[in-house]
Amino acid sequence: MSDASGLGARAAELDAADELAGVRKRFVLDETVYLDGNSLGALPLAVPGRMDDVVRRQWGALRIRSWDESGWWTAPERIGDRIAPLVGAAPGQIVVGDSTSVNVFKALVGAVRLAGGGRDEILVDATTFPTDGYIAASAARMTGCALRPLEPAEVPGALSGRTAAVLLNHVDYRTGRLHDLPGLTAAVRAAGAVAVWDLCHSAGALPVGLDEHGVDLAVGCTYKYLNGGPGSPAYLYARAGLQDRFDSPLPGWNSHAEPFGMRPEYEPASGARRGRVGTPDILSMLALEAALEVWDGVPVEAVRAKSLALTDFFLECVREYVPAGRVESLTPAAHAERGSQVALRCGDAGDVMKRLIERGVVGDFRHPDVLRFGFTPLYVGFADAERAARVLAETLAG
Numbered sequence: 006m007s008d009a010s011g012l013g014a015r016a017a018e019l020d021a022a023d024e025l026a027g028v029r030k031r032f033v034l035d036e037t038v039y040l041d042g043n044s045l046g047a048l049p050l051a052v053p054g055r056m057d058d059v060v061r062r063q064w065g066a067l068r069i070r071s072w073d074e075s076g077w078w079t080a081p082e083r084i085g086d087r088i089a090p091l092v093g094a095a096p097g098q099i100v101v102g103d104s105t106s107v108n109v110f111k112a113l114v115g116a117v118r119l120a121g122g123g124r125d126e127i128l129v130d131a132t133t134f135p136t137d138g139y140i141a142a143s144a145a146r147m148t149g150c151a152l153r154p155l156e157p158a159e160v161p162g163a164l165s166g167r168t169a170a171v172l173l174n175h176v177d178y179r180t181g182r183l184h185d186l187p188g189l190t191a192a193v194r195a196a197g198a199v200a201v202w203d204l205c206h207s208a209g210a211l212p213v214g215l216d217e218h219g220v221d222l223a224v225g226c227t228y229k230y231l232n233g234g235p236g237s238p239a240y241l242y243a244r245a246g247l248q249d250r251f252d253s254p255l256p257g258w259n260s261h262a263e264p265f266g267m268r269p270e271y272e273p274a275s276g277a278r279r280g281r282v283g284t285p286d287i288l289s290m291l292a293l294e295a296a297l298e299v300w301d302g303v304p305v306e307a308v309r310a311k312s313l314a315l316t317d318f319f320l321e322c323v324r325e326y327v328p329a330g331r332v333e334s335l336t337p338a339a340h341a342e343r344g345s346q347v348a349l350r351c352g353d354a355g356d357v358m359k360r361l362i363e364r365g366v367v368g369d370f371r372h373p374d375v376l377r378f379g380f381t382p383l384y385v386g387f388a389d390a391e392r393a394a395r396v397l398a399e400t401l402a403g
């Protein structure tokens with residue numbers, strides 16, 4: 006292993022110049038190097054106190070009055086508007102609620118319905134997180150469509166007049182590869198199909214530009230880079246221009262035009278509310294709302310710049326510290342193709358990650374041989390990156 010003093014000094018200099026360094030104080034952290042925010046974000050400092058108020062005063066004292074007086078009823082759209090600038094969307098296009106899986110189902114079936122008759126094929130990212138693939142297969146069966154799994158780069162050449170919808174991941178969950186959202190969206194729309202993007206590994210880590218790039222539908226979770234807490238509700242984005250035609254496969258009383266009319270016939274609400282289904286999970290939702298306060302005054306562009314600098318520096322430290330051939334980076338070197346994680350292939354990855362965690366460096370392992378390190382720029386620093394690479398090298402040598 007190379008002498009660590011030079012890279013350690015560099016890390017200190019980079020941390021001293023980091024414009025986002027102060028944001029770290031908005032989180033509950035310890036001496037652990039936490040590089041698993043791409044699975045579960047750290048706890049924002051404001052959340053425990055807010056939840057105490059939600060439970061004791063809003064629920065405990067006001068009880069049912071809180072649906073009006075504490076803004077519970079409007080929370081799904083209000084919090085959606087809080088997420089909107091983080092993914093490049095104007096207000097009124099995002100509703101928060103349900104899980105990512107449920108929202109993928111709504112969006113994908115809704116996309117097939119938007120595409121119209123004569124289109125009987127769904128394309129899906131073959132490298133997707135398994136649940137997206139399961140739901141795509143189910144949606145295909147329910148809508149009478151054929152399902153074609155493809156690498157994202159193969160999508161433009163596979164589009165045809167048969168294609169109804171395309172489900173893609175913005176960032177690959179295993180490798181950290183960033184896919185070409187603008188180019189792929191343009192190709193899908195030019196073919197007359199509807200693009201559905203899964204933003205789970207990009208929202209809160211890099212600019213997305215949903216409105217700018219003409220994305221039709223998108224979904225995402227909030228417990229990774231948005232730090233909303235375990236199982237926090239997901240969100241659904243529907244472009245304003247198609248909201249009046251979006252036909253959700255899960256109509257519920259919360260998305261009814263007159264939710265308290267209790268009519269037997271369903272009439273969808275206008276706007277983003279069409280994405281609602283049943284009663285919102287208020288405790289998790291309001292924890293998320295408090296968590297999103299860490300973004301006050303933080304531009305996504307600054308987060309992206311730090312993310313790239315952090316991952317560049319970590320990869321440099323790995324090259325310096327880890328013996329050649331011991332690990333292989335699966336994460337693209339090119340900035341335009343990189344999300345906010347580094348995936349290293351390592352033959353004994355499961356055991357290596359266990360030993361890293363024992364030594365205070367927390368990442369995660371993906372079967373069969375991938376070490377994942379997620380870099381959340383709001384609270385991860387350059388000294389963290391240097392220490393993680395150094396401990397990795399020591400662990401591999403042990």
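Residue numbers (this note's numbering): 6 to 403.
Cβ coordinates follow ideal geometry from the N, Cα and C atoms, glycine included.
Here the structure is a predicted model, which means the values were calculated and not measured.
- If you draw a straight line from the Cα of Val220 to the Cα of Met290, it is about 25 Å long.
- Of all alpha-carbon atoms in Leu255, Val357 and Glu333, the one lying nearest the alpha-carbon of Val347 is that of Glu333.
- Taking C-alpha positions only, Pro81 is separated from Tyr228 by approximately 16 Å.
- It is roughly 46 Å from the alpha-carbon of Ser106 to the alpha-carbon of Gly11.
- In the same chain as Asp41, and ignoring 5 residues on each side of it, the C-beta atoms closer than 7 Å to its own belong to Val367, Gly368, Asp369 and Gly379, in chain order.
- Per DSSP, reduced to three states, the secondary structure at Asp203 is strand.
- Per DSSP, Asn232 lies in no beta strand (DSSP E) segment and is marked neither H nor E.
- Residue pairing for His218: DSSP places it in no beta bridge.
- Using a Cβ distance threshold of 8 Å, Asp130 and Leu173 count as a contacting pair.
- A contact between stretches requires three or more CB pairs, one per stretch, nearer than 8 Å, and the segment 252-265 meets this requirement with the segment 110-119.
- Nearest neighbour of Asp20 by Cα position, chosen from Ala402, Leu119, Pro382 and Asp73, turns out to be Pro382.
- Considering only Asp23, Leu50, Val109 and Gly65, the residue with the shortest C-alpha distance to Leu288 is Gly65.
- Residue environment analysis places His184 among the buried positions, since at least 16 neighbouring C-beta atoms fall within 10 angstroms of its C-beta.
- For Val160, the secondary structure class from DSSP, reduced to helix, strand or coil, is helix.
- The bridge partners DSSP lists for Asn174 are Asp203.
- Around Gly93, the same chain offers Pro212, Val213, Gly214, Leu215, Asp216 and Glu217 as residues with beta carbons nearer than 7 Å, after the five sequence neighbours per side are excluded.
- By the CB criterion at 8 Å, Glu36 and Gly365 fall inside the cutoff.
- In the three-state reduction of the DSSP assignment, Tyr271 falls in the coil class.
- The DSSP-derived three-state label of His261 is strand.
- Leaving aside the five residues that flank Arg360 on each side, the residues in its chain whose CB is nearer than 6 Å to its CB run, in chain order, Thr400.
- Going by beta carbons, Val375 and Leu315 fall outside the 8 Å limit.
- Annotation: Glu74 to Arg31 spans about 28 Å, alpha carbon to alpha carbon.
- Judged by pairs of C-beta atoms under 8 Å, the segment 198-209 touches the segment 127-144, as three or more such pairs exist.
- Taking C-beta atoms as the reference points, Glu24 and Ala307 count as a pair closer than 8 Å.
- Excluding five sequence positions before and after Ala170, the CB atoms of its chain that fall closer than 7 Å to its own CB belong to Leu113, Ala116, Val117, Ala120, Ile127, Ala198, Val199 and Val201, given in chain order.
- Residue Val33 holds the alpha-carbon nearest to the alpha-carbon of Val52 among Val33, Gln63 and Cys322.
- When Ala295, Asp301 and Ala398 are compared, the shortest CA-CA separation from Asp58 is found for Ala295.
- Apart from sequence neighbours up to five positions away, the residues of its chain that approach Ser165 with a beta-carbon distance below 8 Å are Glu126 and Ala196, ordered along the chain.
- For Asp20, no beta strand (DSSP E) run applies; the uninterrupted alpha helix (DSSP H) run containing it begins and ends at Ser10 to Ala21, by DSSP.
- Within the model, the alpha-carbon separation for Gly302 versus Arg279 is close to 31 Å.
- Taking all protein chains in view, the Cβ of Met358 is crowded by 16 or more other Cβ atoms within 10 Å, so the residue is classified as buried.
- One thing to note: Leu320 has its Cβ no nearer than 8 Å to the Cβ of Ile84.
- By the neighbour-count criterion, in which 16 or more other beta carbons inside 10 Å mark a residue as buried, Glu263 falls on the exposed side.
- Where Glu321 is concerned, the enclosing alpha helix (DSSP H) starts and stops at Val305 to Tyr326.
- Under the three-state reduction of DSSP, Thr148 is assigned to helix.
- Residue pairing by DSSP places Gln346 opposite Gly379 in a beta bridge.
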